[in-house]
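Following: one structure in structure tokens, then a few remarks.
See below:
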């Protein structure tokens with residue numbers, strides 16, 4: 001019978017586990033969707049369109065919030081095993097700091113967004129079921145929460161650009177496994193080559 005070594009931080013895995021990957025890409029997809037779609041609320045919109053947008057925005061934000069809380073728990077509290085990329089100390093500290101900031105923002109942005117929904121005059125149907133609007137009336141507090149929400153969004157955009165840039169740098173320049181530990185690059189590259197061959201026929 002074949003035995004396999006137990007995965008620990010002293011004997012780390014080469015790739016992130018499936019739950020880690022699913023959480024990571026769910027949060028990433030949700031955050032990018034929220035960051036792009038959220039800009040529409042600065043435009044003159046009809047009440048019907050704005051209300052529908054708020055419903056989807058708050059629902060996606062809630063999904064991101066739940067996933068981010070669980071991933072934060074796995075990463076920083078339970079300290080689940082994950083790949084060790086043997087980075088220099090300075091790069092390791094920067095990477096950990098950026099990850100901690102991104103996880104924190106993935107919690108803060110949806111949370112402040114949901115808090116602003118309490119002040120909304122239009123209905124905000126969370127998950128399409130629960131109206132969470134109109135429960136608060138303190139305009140000064142609303143303005144502060146809104147400002148935190150917007151500033152956190154801008155910071156998240158900057159950190160996401162840095163995060164993606166670092167992943168590309170490691171994959172294209174350093175040619176290490178930092179990116180491939182989170183996504184199977186070779187698998188998708190092969191799928192893309194097969195698709196291109198089929199399209200050429």
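In full-length UniProt numbering, the protein residues as written are 1 to 201. All C-beta atoms, glycine included, are put in the ideal place defined by N, C-alpha and C. Computed from a predicted structure; not experimentally measured.
Problem set entry | Environment of residue 116 [buried if 16+ CB atoms lie within 10 Å] | By the Cβ-count criterion, residue 116 is buried, with 16 or more other Cβ atoms from all chains shown falling within 10 Å of its own Cβ.
Exercise. With respect to the alpha helix (DSSP H) encompassing residue 101, which residues constitute its N-terminal and C-terminal limits?
Worked result: Start and end: 89-117.
For this session: Measure the alpha-carbon distance for residue 43 versus residue 120 and round it to whole angstroms.
Result: Cα-Cα distance, rounded: 16 angstroms.
Exercise. Given that a residue counts as buried once 16 or more other Cβ atoms are within 10 Å of its Cβ, and exposed if not, what is residue 55?
Worked result: With 16 or more other Cβ atoms inside 10 Å of its own Cβ, residue 55 counts as buried.
For this session: Would you please state the rounded distance, in angstroms, between the beta carbons of residue 68 and residue 159? I believe it to be under 8 angstroms.
Result: Actually they do not touch by this definition, with Cβ atoms about 14 angstroms apart.
For this session: Report the partner residues of residue 126 according to the DSSP bridge assignment.
Result: Residue 126 is bridged by DSSP to 130.
Problem set entry | Buried/exposed call for residue 64, threshold 16 Cβ in 10 Å | It is buried - the Cβ of residue 64 has at least 16 other Cβ atoms within 10 Å.
Exercise. Should the stretch 172-189 be regarded as contacting the stretch 138-153, the criterion being three or more beta carbon pairs within less than 8 angstroms?
Worked result: Three or more beta-carbon pairs separated by less than 8 angstroms are not found between the stretch 172-189 and the stretch 138-153, which leaves the two stretches without contact.
Problem set entry | Element boundaries [alpha helix (DSSP H), containing residue 53] | Counting along the chain, the alpha helix (DSSP H) containing residue 53 begins and ends at 47-72.
Exercise. Taking the Cβ atom as the reference point for each residue, do residue 61 and residue 40 lie within a distance shorter than 8 angstroms?
Worked result: For the 8 angstroms CB-CB criterion, residue 61 and residue 40 do not form a contact.
Exercise. Out of curiosity, what's the CA-to-CA distance linking residue 203 and residue 36?
Worked result: There is no way to answer for residue 203, as the model of the chain reaches only from 1 to 201.
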